[in-house]
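Residues in the sequence shown are numbered from 1 upward in steps of one, following the UniProt record's numbering. The beta carbon of each residue, even a glycine, is placed where N, CA and C say it ideally should be.
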Amino acid sequence: MRPRRGTRPHPFAPARTQHSGGQEKGPGFTRALQRTEYNLFLAAVLLIAAGAVSDSWWLIGGGAWALIAAGLIEMIYRP
Numbered sequence: 001m002r003p004r005r006g007t008r009p010h011p012f013a014p015a016r017t018q019h020s021g022g023q024e025k026g027p028g029f030t031r032a033l034q035r036t037e038y039n040l041f042l043a044a045v046l047l048i049a050a051g052a053v054s055d056s057w058w059l060i061g062g063g064a065w066a067l068i069a070a071g072l073i074e075m076i077y078r079p
């Protein structure tokens, strides 16, 4: 069976060097991730507090998901 066009010929072949979207990882990329992480933490705190005050579970759930997303960014993209 012939391999599809555009696939790597061997599983140990080197991967592409450019990142998707053509954006290289550098100080601007790190700064943007830190800003995103900070905004997610802030959104989590505000949503959880608003959900606790208004006794609304969907706000608490949204805050929890924002906290999970911020934690994943912290774990994966730690410089």
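Range covered by the alpha helix (DSSP H) that runs through residue i
{"i": "Gly63", "result": "57-76"}
{"i": "Gly51", "result": "27-54"}
Cβ-Cβ separation, residue j to residue i (assumed contact under 8 Å), whole Å
{"i": "Gly28", "j": "Ala44", "result": "The Cβ separation is near 25 Å, so there is no contact."}
{"i": "Gly51", "j": "Leu42", "result": "About 15 Å separates the two Cβ atoms, so there is no contact after all."}
{"i": "Leu33", "j": "Ala70", "result": "So it is not a contact: roughly 10 Å between Cβ atoms."}
Residue i burial status per 10 Å Cβ neighbour count (16 or more: buried)
{"i": "Leu47", "result": "buried"}
Residue i CB to nearest heavy atom of the ligand NAP below 6 Å
{"i": "Ile76", "result": "Annotation note on the ligand NAP: not contained in the displayed structure, which lists no ligands."}
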